[in-house]
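Peer 1: Structure in C-alpha cells, see below.
Number of protein chains: 4
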Amino acid sequence: MQALKNYIAGAWTISNSSEGSEVRNPATDEQIAWCPSSTDTEVEAAISAARRSFPAWSATPVTKRAAVLFELRQRLADATPEIAKIMVEENGKGYSEALGEMGRALEYVEHASAIPELLKGSISENVSGGVDTQYVREALGVFAIVAPFNFPAMIPLYFSWAVACGNSVVVKPSELCPLTTVRIAELAEQCGFPTGVVNVILGGVPVVHQLTSHRDVAGISFVGSSSAAEAVYKSASQHGKRAQCQGGAKNHLVVTESAHLDKCLPNLVNSAFGQASQRCFAGSNILAVAECYEELRDRFVSAAGAIRLGEDDEGMTMGPVISRESLERAHAEIEHAITEGAKVLLDGRGARVERNPGGYWLGPTILEAEPGMRVFDNELFGPVRCLKSIRNTDEAIEIIDRSSFGHSAVIYTEMGGVAKEFARRVNVGQVGINVGTPAPIAFYPVGGRKASFFGTLRGRANDAVDFYTDKKVVVSTWHAR
Amino acid sequence: MQALKNYIAGAWTISNSSEGSEVRNPATDEQIAWCPSSTDTEVEAAISAARRSFPAWSATPVTKRAAVLFELRQRLADATPEIAKIMVEENGKGYSEALGEMGRALEYVEHASAIPELLKGSISENVSGGVDTQYVREALGVFAIVAPFNFPAMIPLYFSWAVACGNSVVVKPSELCPLTTVRIAELAEQCGFPTGVVNVILGGVPVVHQLTSHRDVAGISFVGSSSAAEAVYKSASQHGKRAQCQGGAKNHLVVTESAHLDKCLPNLVNSAFGQASQRCFAGSNILAVAECYEELRDRFVSAAGAIRLGEDDEGMTMGPVISRESLERAHAEIEHAITEGAKVLLDGRGARVERNPGGYWLGPTILEAEPGMRVFDNELFGPVRCLKSIRNTDEAIEIIDRSSFGHSAVIYTEMGGVAKEFARRVNVGQVGINVGTPAPIAFYPVGGRKASFFGTLRGRANDAVDFYTDKKVVVSTWHAR
Amino acid sequence: MQALKNYIAGAWTISNSSEGSEVRNPATDEQIAWCPSSTDTEVEAAISAARRSFPAWSATPVTKRAAVLFELRQRLADATPEIAKIMVEENGKGYSEALGEMGRALEYVEHASAIPELLKGSISENVSGGVDTQYVREALGVFAIVAPFNFPAMIPLYFSWAVACGNSVVVKPSELCPLTTVRIAELAEQCGFPTGVVNVILGGVPVVHQLTSHRDVAGISFVGSSSAAEAVYKSASQHGKRAQCQGGAKNHLVVTESAHLDKCLPNLVNSAFGQASQRCFAGSNILAVAECYEELRDRFVSAAGAIRLGEDDEGMTMGPVISRESLERAHAEIEHAITEGAKVLLDGRGARVERNPGGYWLGPTILEAEPGMRVFDNELFGPVRCLKSIRNTDEAIEIIDRSSFGHSAVIYTEMGGVAKEFARRVNVGQVGINVGTPAPIAFYPVGGRKASFFGTLRGRANDAVDFYTDKKVVVSTWHAR
Amino acid sequence: MQALKNYIAGAWTISNSSEGSEVRNPATDEQIAWCPSSTDTEVEAAISAARRSFPAWSATPVTKRAAVLFELRQRLADATPEIAKIMVEENGKGYSEALGEMGRALEYVEHASAIPELLKGSISENVSGGVDTQYVREALGVFAIVAPFNFPAMIPLYFSWAVACGNSVVVKPSELCPLTTVRIAELAEQCGFPTGVVNVILGGVPVVHQLTSHRDVAGISFVGSSSAAEAVYKSASQHGKRAQCQGGAKNHLVVTESAHLDKCLPNLVNSAFGQASQRCFAGSNILAVAECYEELRDRFVSAAGAIRLGEDDEGMTMGPVISRESLERAHAEIEHAITEGAKVLLDGRGARVERNPGGYWLGPTILEAEPGMRVFDNELFGPVRCLKSIRNTDEAIEIIDRSSFGHSAVIYTEMGGVAKEFARRVNVGQVGINVGTPAPIAFYPVGGRKASFFGTLRGRANDAVDFYTDKKVVVSTWHAR
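Chains as they are written, first to last, in my numbering: chain S, 1 to 481; chain Z, 1001 to 1481; chain L, 2001 to 2481; chain X, 3001 to 3481.
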C-alpha cells in the first residue's frame, strides 16, 4: 500500500516517517491508503515553505489573488464527481451526500473569491483639523487549518479565506480521510498559487501540537471534538496565536404541536441520521411536546426503520460510521444507555450489508432517554438518537440550557411567536426554524457556545476575514500643500 | 483619610478590607484618598450584581439603552471641568491634557451611543429554496474592564460599548487613580442604568485574578503593561473567556529629510513628553536620517529643555510621573543607560518645582542611544527619550522590526511615496504620518502587535461591538402559507 | 396677529411679503399666527446664506459637526414638553401623540449624530500593481427640506442628516404648522451651527417652486401629497437636482383568522384613527377574512365608537383634522361614498366638542366599501376608514397590487408562514406584521413604491447619508519611495 | 451582408425592420455587419420577455443566481481572445487594449457574482418593546442597459449586477459596435439564465426612447454623450423610472514640479491617446506648472510623435477613430482651434496606414490652447489633446472648476500634501494621483459630476446593487408565544 505524500513548497514528497495509520474504506474495511505521521522536520519544512511564500503572496494585488480563487472554484466544480467519489470511499458517506458537501464547499470558495469586496478598509477624512484616519486589513502570515474526518472537502477549504486574505496555509486533514484534501491540493496546484502558499501535511495529534506551538504560525482554524478543540485553543493562546476551535455538539430538535409533521418529518430524519449522524449539525435529541409525542415517535421510528444501509447511494440512505472504534464505541454507548434505563425503540445493532459484511455498519437506533443519561448528555458520533416527551418549549429551553454544548437547536412550529421566542432564548450558535440542520450558507459565519466553540471570531464568511487579518490604522496629515 | 467606596448593585459600600493603598497627588506627594483592596466577597458581589442585572438589561430595547448613553454623554460633558480637575489631582497630568482626555472620552460614549446602528445584524432571504438566513448580535453577560492609571477617564469608559451592547460590567480602575472612575460612576448612576449594570470594584492584582478566572465573567478588556496584559490574556483564555489585552509600547518616530521641521517639531516634542511620556502612544525613540539628524537633535533638545514643570498648566507644560517608584525606576534606567554607553543630551534629573518640592518630578531627559541598550529597547513610562541617527528609512524599519513591541510608529515626511511605503512595511498596529501620537479617533479600533497586544479583536469602535457580542444565526423556513 | 419670521443667515427677519396665510388652532379655529409667503428675494437670500456657509461647514471636522448634533439632541430633549405643546396647538394632535412624535424625532437626531460612523469611506490597497483605490463621501451643497403639516417636528428634522454630512439647508415647513419648525430653529441657533447652515423660509407652493428650480440647490427632500411629490420630483430632476419625494398612501390592514384579536384590535384602531388618520402610515382599508370579518367589524366599530374627541388628551383619544377645508373634503367624500353604495357603519359627522365648538371635528367614521369606490381607492387624510370582507390573503394581495399607492401594508396573523408570504409578495415599501403602523425606527430608511414615493434613495438613516453626499473616488500610486 | 439578430425571449430573431446601419471596421472601412433598427414591436417583445421572466428569476435563490454568474465569468474568461478580436474588428482598438478591457469586464462579473454578500439586508431585534425591524433588498423588474461604442464588452456587462440582483434586462449595444454584445449574449445563453432574463435589442435613438418611456421598464443604466445622458435621464425621470446616466468628460491632467517625469510620462501619454482617446477617462487637457512646462511639453510631443498607427497591435500603439464622421469632426475641430489661436505642436492629420488606406486614421495631435477655446472646453472623442502652462495647482483647480464637466482629474506629484489638497478640492467624480486613467476597479463605483453624470447612485459595485434593488422594510411583533 503506497503512502500518501505531503505537499510542501510545491512538491509532493514521501514522508520519512515509519509511523502512520491505515486509511480504510468504512464500508468495506479495506485499506485504501497509508497516511504517514509526518516528522517534526517535515512539519517544520511545511511551515517554513508557507512562511517564505508569505511576503510575495500578501503583496500580490487582491484582484490577482481573487483570480486564483475563481480558477480554483472552477476546477473544483469540474472535478466534483471525482472528489465526491473519493469522499464516498474514504469517509463512507453516500454519493449524493458527497455531492451535497461539494456544493457547499464550492460556496466557500465563491465567498472567498469576493475578497476584493470583503477586504475593503475604512477611511475618514478630516476627523480633526486636517487629520485623516483609515485602516486597511493586513494578512498575518502562516495559518494552520486542522480538519476532521466528517467533511473532508468543506473544512480543509476554510483555507480559501485564509489565502484570499494574503496568508499562506498548512492544511492538516484528518488521518482517517486525507485523500480528499490531497486531491484538492492537486487541483489547487494548477490554479496559480505561488509555491508554498498552500501546503498539506499529513499526520495526527503530534503534528497538531507542533503547528499549535510553532512561533511562525500566526493562527489556527480547528474543527474537531470539544476536548481537542479546547486543548488546541488553550495551547494556541498560550503561544500567542489566534485560534478558532469548533468542538462537538449535542443538538436538540424540538417538535411543537403546530409543527407541520408531514413536511418536518423527512427533514428531522435527515437531520438525525444524515451522514450517519456524524456531523456537528446533526439533531441528537428529539424533544416533542406531549400533545404530539406519540405520533411523532411512531412516525419517526417508522421512517428511521425504513432507512437502508449501503456503501453507495444506489437506493441507499445511510452509510457506515467512520471506523471500527467508532462502531464499538456506539455499541458500548447503547449498552450503557440500556443499563441507565433508556428504552430501545429502534435497534440498529444487528444491521448487516450483505455485499460488504466487513463494513462498520450500524443501523438507525432510537432510544427513549432522559437528561442525566450519558447517551442524552454526551456527544455520540453515530446513528444513535434520543427521544423524549416534554411538557412545553420552556422545558426544552431548560434542557438546552443545561447542556454542556451550545452548537445548535431547532424548533418545528408554524407559529411565528413560538419560533421567535425560542430563537431568542436558546443559548446556542445556530437556531433552526423548521430546518433540522441549520448550517448557515457559506456567506454567514458558523460558531457555537459553551463547549462547542473556543474563540471569539466565528468560522467562515466575514468573521473569517476578520480572523485572518489584522487592521492597521494610519493617522496622517500633511504640511506642504 | 476616608476610604473610597465600591459601587456594587447600585450601592456605594465601604470595603471590609484592611488592605489597600494610598492614592497620592504626584505633584505634591500628599495622600488624597485610600483605595481599598476589595475582598473576594466584594468582588463576588460585584460580579453577582452584574450577572443578575444582565437578563433585563440585555432585553431592554436598544433605543432605550442608547438613550441612557446619550444621557451619560451629556452629564460627562457638563462635568468635564470637574472631572479634569480630579485627573490633575490624582494623575498629575496638566489641566489642558485632562480636558483633552475628556474630549476623547466623550467621543467614546458618542460612538457607543450609535449602538442601534452598530448592532444591526444581517439577513438574507431565499438563500436556498425558501430558506432564509440571518444573524443578530447578542450580548454575552458580564464584562470586566481593567484600566491603567494613565488615562483615568478614557479607558474605564470602554464600558460604554460593553453596556451599549447589552452587557453589564465590573470596572476596576487603577489603584493609583481610582477617583476619576468613582466620579464617572456617580454620574452614570443618574443616567438610567438599571441597578447592577455598572459596578466599580477597587483593588489591585488579586481583584484582577478573581475577575479573570471567575466563571460568571464572559470577557475582559484590559489595558496595562505587556507582562500584565499577557498574563491576563493567558489566564482569561484558560478560563474560557474572551480577552483583549493592550500592553506596552516602544514607539519609534522617524524623521526624514523631507520633513517640515518647523511644523513637525512641536508635534514630535508633544509625542515624546506629553502626559510626562506616560502613554502607550508616546514617541520613545526618535530616529532621524543623517541628513537632518544634527538639526533635529539640536532643535529637539532645545525645545525639550524649554519645557517647564508644574502641578497645573498655568504656564506649565509637563507634570510629574505617577509615583515615587516610577521616579526611582526612571533614575535607575538613566544610570544604567549611561553605563551602557548612552550619551546624555538633556538631563532632567535635577528638576525641581519650588512650590511642590515633594512631587515626583523628572525633567525631559534625552539620550543618544542604540538598539541593544535597555533604555532603547524596553518600555520606560516617564520622560526619558532616545535619539539616534540612521542612514535611511530602511534602517528605521529594521529597528522597528526587531523591537519586541508593535504598538505604533511614526514617520515625518512630505513625500507621499515615502509615507506609503513606511506605512505598508512597519509591523505595528498604528502608523502616524506627520502625526506623532497616532491615537485613532474613537470610531476607529485601537490595537497593536507583538508584545503590545494580546487578543484578536481590537479595542473600541466596531471591533468592540464584535468583542462584546456573539452572533446568533437563525436559519428558517415555513410550510403553512 | 404678529407674523412669523424667517431665519436667514442667522437672523430672524420679518418678510416683506403682504401675502401669507393664517395659522389656526384646529381645535378652536382661533388664529395663532400669520405665516407669510416669503418673497423671491427672501428665498434667494436663504439659499444664498446656505451656499455661503457651505465651504466652511463642509470642511469642519466631522467630530465637531457631530458635537453640534449632540447639543441639538440635548436641547430638543430638554424642550420636549414645550415643543409638544406647540404641536398640539398648531396641529391639533393629542399631547401624548406629540410627545410620541418628539421621541421619534429625537431618534432622527441621534442617528444623524452617528455621522462619524456613517460617513466612513472605503479603501483598498494594491488593487493592481502598487495602485490604491478609495472613496470618501463629500457633501453636495444646499439642500431644501420641504415638510408637511402632519409631523411638524419629525420631518423638518430630516435636516439633521443633511447638515451632519456637511451640507447646509433651507427648511420650509408647512404653512399650516410652521411654529414647531420655528421653535426648533431657535434651539438649533444655540447649538453651534455656523451662520447660514440652517435656514427657515416660510411660505407655500411658490417657495417650493423656487427651491426646486434654483441652480444653487443641490437637492430636495420632500414629504407631501402624491401629486405634489411627483411634481417636485419631476421639476427637481429637470433642473439637475437630487430628489426624494414621499407622497401619499392608502394602506391596507389585513386581518386573518389566526390574528390575536384582543391584542391586535387596539393596535388596529390606533393605526386607523391615531393622529386623526392624518399620517402616511395610517391604516386606511381594513380587510378581514370572512371567518373573522363579523367579529372584527363589530369590535372595531365598537372600539372606534368609544373614541372621544378633544383638544388635548386629558382623557381624549382623537383630535380635530387640520383645517376647515380638510373637514369639508372629508364630509364630501363620505357623501360621495354613500352615493357609490358604501354602507355607513359608524358616522362621525355629528361629532361635537362642547368646549370647542368651532374646531374641525370629525368623529371616527367607518364604511363598508369596495375597490372601485373613491373612498376605498384614494387617499383621504381624515378619520374615514373602509372595511371589507375578503376570502383570503390572496385577495388582499390582489387588492394591494391594484392600488395606485405602495406605501405600506399590514397583516395580523400568528402564523409565521402567512406573515412571511405576505411580506414577500406585497409591493409596498413597508410591511407590518401585527404592527399597524410599521413606521421604521429612525435608523432604518423609509420609502414607498408606485405613487407613494418618487426617487431612488429612501428617506432617513443610511439612505439619507447616501442621498446627501456624493462618493469621490481616488486612485493613486507613488514613484519615489 | 447578413443582418445581426436580436436576442429576445431566448431566441435569436431577425428584425423585420428595413432601417438600420452598417457596422464598419474603422481600420479598413469595410462593412462587417448590418445592425437593424429594431421595430417598436420588437422592442416591446424584448421588454415583454424580460417582464415575464422576472417573477421566477427574482424568486430564484440568490446562490443559484450567483452560480450562473460564475459560469458566465468562466465562459467569458475562456472566450477572451475571441471577444477581443471582435472588439478589434468593430471598434478599432488594439488587441492588447481589447484584452485589457476584457480583464476589466471579467472583474465586473466577478463583483456581481458576490451577490449573496452584496444583497445582505439588515435586521435589528427589539427596537422597541418586542418589535423587530429589518429590510431586505428586492429586485425591481426590467432594466435597460444602453451602451456606447467605446467599451463594447465592459458597459453591456453592467447587466451582471442587474441580473445578479434578480432583475431581467434588455441590453441595447451601440449600433456602431454591436457584435461584441451579440457574442456575449451567445455565451450568456449557455450559462443557465432562464429564458427572457437577458435580452439584446439592436437599434439606435428610437429604441432608447422606447425603453426610456415604457411603463414596464423599471430603470435604465446609460453611458454616452452628455447631451444624450441628460435627455435620457430627464425622460426616464418623467416616466417614473430610476436612471443613472453617464455623460461625457474633459479631464485635466496636472503636472507639478515634483512629478517623477520618467515614470509619469508613459502613463500620461497612455491616458491621452490610449483607445485613440475615445474614453471618458482619457486625459484631455494637460496642464503643467511653468517650472516643468517646457520639458514636459517637449517630451510629451516627442513621445506622442512616436506612436505608430495600425489596425492591430503588432507593433502598433494607436488605432483609428470609430467612424468617418468622427474623423471629420476631429479635423474640423483642429481647424477651428487654429482659427481660435491654438498652436499646433503635433499634427496627426496627415497620418496614413499603408496597408489600410481607407481606415479612419488620425495621428496624435497636440495643441497649445487656452480655456475659452472650443477645443479646450468641449469633449472631443479622438486623439486631439491640449497643452497649457499654468502658474500653480490653484490655477489648475480654477480651470477644472469652470469646466462644464466633472468626470475626473489627475495630478502628477510626489508630494503627499499637494496630492491630498488637489484630491480634496477638485469637483470631480474620480481623482488620479500619478494615475492618468483613474478608472476605479470594478468593486468601486464610477460616476461624475456636473455634465458628466445624471443621477444619484453611481454605476457598478455596491452602488449598482442599491440602484438595481429597493429596500423593503418589515416591522414585526408576535403575540402568541
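The beta-carbon is built from N, C-alpha and C at its ideal position, and this holds for glycine as well. Everything numeric in this text was worked out from a predicted model, so none of it was measured.
Out of S:W34, S:V431 and S:S48, point me to the one whose CA is closest to S:Q210's CA.
Peer 2: That would be S:S48, whose Cα lies nearest to the Cα of S:Q210.
Peer 1: Please state whether DSSP places Z:H1252 in a helix, a strand or coil.
Peer 2: Of the three classes helix, strand and coil, the one that applies to Z:H1252 here is strand, per DSSP.
Peer 1: Going by alpha carbons, who is nearest to S:D470 out of Z:R1449, Z:A1409 and Z:A1461?
Peer 2: It is Z:R1449.
Peer 1: Whose C-alpha, out of L:R2075, L:H2252 and L:F2222, is nearest the C-alpha of L:V2289?
Peer 2: Nearest of L:R2075, L:H2252 and L:F2222 to L:V2289, Cα basis: L:H2252.
Peer 1: Compare the C-beta of X:P3116 against all C-beta atoms of chain S and say whether one is closer than 7 Å.
Peer 2: Taking Cβ atoms only, chain S reaches closer than 7 Å to X:P3116, which makes this a yes.
Peer 1: With DSSP run on the structure shown, which of helix, strand or coil describes Z:I1412?
Peer 2: In the sequence under discussion, the amino acid at residue 1412 of chain Z is Tyr, which differs from the Ile named in the question. Z:Y1412: strand per DSSP, three-state reduction.
Peer 1: Give a yes or no on contact between the stretch 1451 to 1466 of chain Z and the stretch 460 to 476 of chain S, applying the rule of three or more CB pairs nearer than 8 Å.
Peer 2: With a cut-off of 8 Å, the stretch 460 to 476 of chain S and the stretch 1451 to 1466 of chain Z count as touching, because enough Cβ pairs lie within range.
Peer 1: So is S:K343 buried or exposed if we call it buried at 16+ other beta carbons inside 10 Å?
Peer 2: With fewer than 16 other Cβ atoms within 10 Å, it is exposed.
Peer 1: DSSP on Z:Y1293, reduced to helix/strand/coil?
Peer 2: Z:Y1293: helix per DSSP, three-state reduction.
Peer 1: Closer than 8 Å, Cβ to any Cβ of chain L: which residues of the stretch 3412 to 3441 of chain X, in chain order?
Peer 2: Here the close residues are E3414, A3419, A3423, V3428, G3429, Q3430, V3431, G3432, I3433, N3434, V3435, P3438, A3439, P3440 and I3441.
Peer 1: I'd like to know whether the C-beta of L:W2161 is nearer than 7 Å to at least one C-beta of chain Z.
Peer 2: No, L:W2161 does not count as interfacial toward chain Z.
Peer 1: Distance check for S:P148 and S:V321, CA to CA, integer angstroms please.
Peer 2: Roughly 14 Å between the two C-alpha positions.
Peer 1: Use the C-beta contact count for X:M3001: other C-beta atoms within 10 angstroms, 16 or more gives buried, fewer gives exposed.
Peer 2: It is exposed - the Cβ of X:M3001 has fewer than 16 other Cβ atoms within 10 Å.
Peer 1: Which first and last residues belong to the alpha helix (DSSP H) in which S:V163 is found?
Peer 2: Segment F159 to A164, the alpha helix (DSSP H) holding S:V163.
Peer 1: Which residues of the stretch 2072 to 2096 of chain L have a Cβ closer than 9 Å to any Cβ of chain Z? Give them in chain order.
Peer 2: Against chain Z - using a Cβ distance shorter than 9 Å - the residues of the stretch 2072 to 2096 of chain L are R2073, Q2074 and A2077.
Peer 1: Is S:V465 close to chain L, meaning its C-beta is less than 7 Å from at least one C-beta of that chain?
Peer 2: Not one chain L Cβ lies under 7 Å of S:V465.
Peer 1: Buried or exposed for S:G372, going by 16 or more other Cβ atoms inside 10 Å?
Peer 2: Its Cβ having fewer than 16 others within 10 Å, S:G372 is exposed.
Peer 1: Which same chain residues, not among the five before or five after X:G3121, have their C-beta less than 7 Å away from its C-beta?
Peer 2: If we look at X:G3121 and ignore the five residues flanking it on each side, its Cβ neighbours are Q3134, Y3135, V3136 and R3137.
Peer 1: Going by the beta-carbon positions, is the gap between X:A3451 and X:G3247 smaller than 7 Å?
Peer 2: Against a cut-off of 7 Å, the Cβ pair of X:G3247 and X:A3451 comes out as a contact.
Peer 1: Would you check if there are 3 or more beta carbon pairs closer than 8 Å linking the stretch 426 to 439 of chain S to the stretch 394 to 412 of chain S?
Peer 2: With a cut-off of 8 Å, the stretch 394 to 412 of chain S and the stretch 426 to 439 of chain S count as touching, because enough Cβ pairs lie within range.
Peer 1: Using a Cβ-Cβ cut-off of less than 7 Å, give me the residues of the stretch 3125 to 3148 of chain X that come near chain Z, in sequence order.
Peer 2: Residues passing the 7 Å Cβ filter: E3125, N3126, V3127, S3128, G3129, Q3134 and V3136.
Peer 1: Could you tell me whether the stretch 2042 to 2061 of chain L touches the stretch 2374 to 2381 of chain L, where touching means 3 or more Cβ pairs closer than 8 Å?
Peer 2: In short, these stretches do not touch, since the Cβ pair count stays below three.
Peer 1: May I ask you to list the residues that DSSP assigns as paired with Z:L1119?
Peer 2: Answer is none; Z:L1119 lacks a bridge partner.
Peer 1: Could you pull the start and end residues of the alpha helix (DSSP H) that Z:T1041 belongs to?
Peer 2: Looking at the DSSP string, the run of the alpha helix (DSSP H) that includes Z:T1041 is D1040 to S1058.
Peer 1: Compute the Euclidean distance between the alpha carbons of S:A185 and S:D216, then round it to the nearest angstrom.
Peer 2: So the alpha carbons of these two residues sit roughly 22 Å apart.
Peer 1: Along the chain, where does the beta strand (DSSP E) containing Z:C1177 start, and where does it finish?
Peer 2: Neither: Z:C1177 is in no beta strand (DSSP E) and is coded neither H nor E.
Peer 1: Grab me the residues of L:H2260's own chain with a C-beta within less than 7 Å of its C-beta, minus the 5 sequence neighbours each way, in chain order.
Peer 2: Taken in chain order, the residues that qualify are E2414.
Peer 1: Anything in chain S within Cβ reach of Z:S1476, meaning under 9 Å, just list it in chain order.
Peer 2: The contacting residues are A419, A423, V431, G432, I433, N434, V435 and P438.
Peer 1: Which of the residues in the stretch 3203 to 3236 of chain X, read from start to end, lie with their CB under 9 Å from any CB of chain L?
Peer 2: The stretch 3203 to 3236 of chain X vs chain L, Cβ under 9 Å: G3219, E3230, Y3233, K3234 and A3236.
Peer 1: Does the count of Cβ pairs from the stretch 103 to 122 of chain S and the stretch 67 to 75 of chain S closer than 8 Å reach three?
Peer 2: The stretch 103 to 122 of chain S, when compared against the stretch 67 to 75 of chain S, does touch it at the 8 Å Cβ threshold.
Peer 1: Taking contact to mean 3 or more Cβ pairs, one atom from each stretch, closer than 8 Å, check whether the stretch 2352 to 2371 of chain L and the stretch 2025 to 2040 of chain L are in contact.
Peer 2: Cβ pair count under 8 Å is three or more, so yes.
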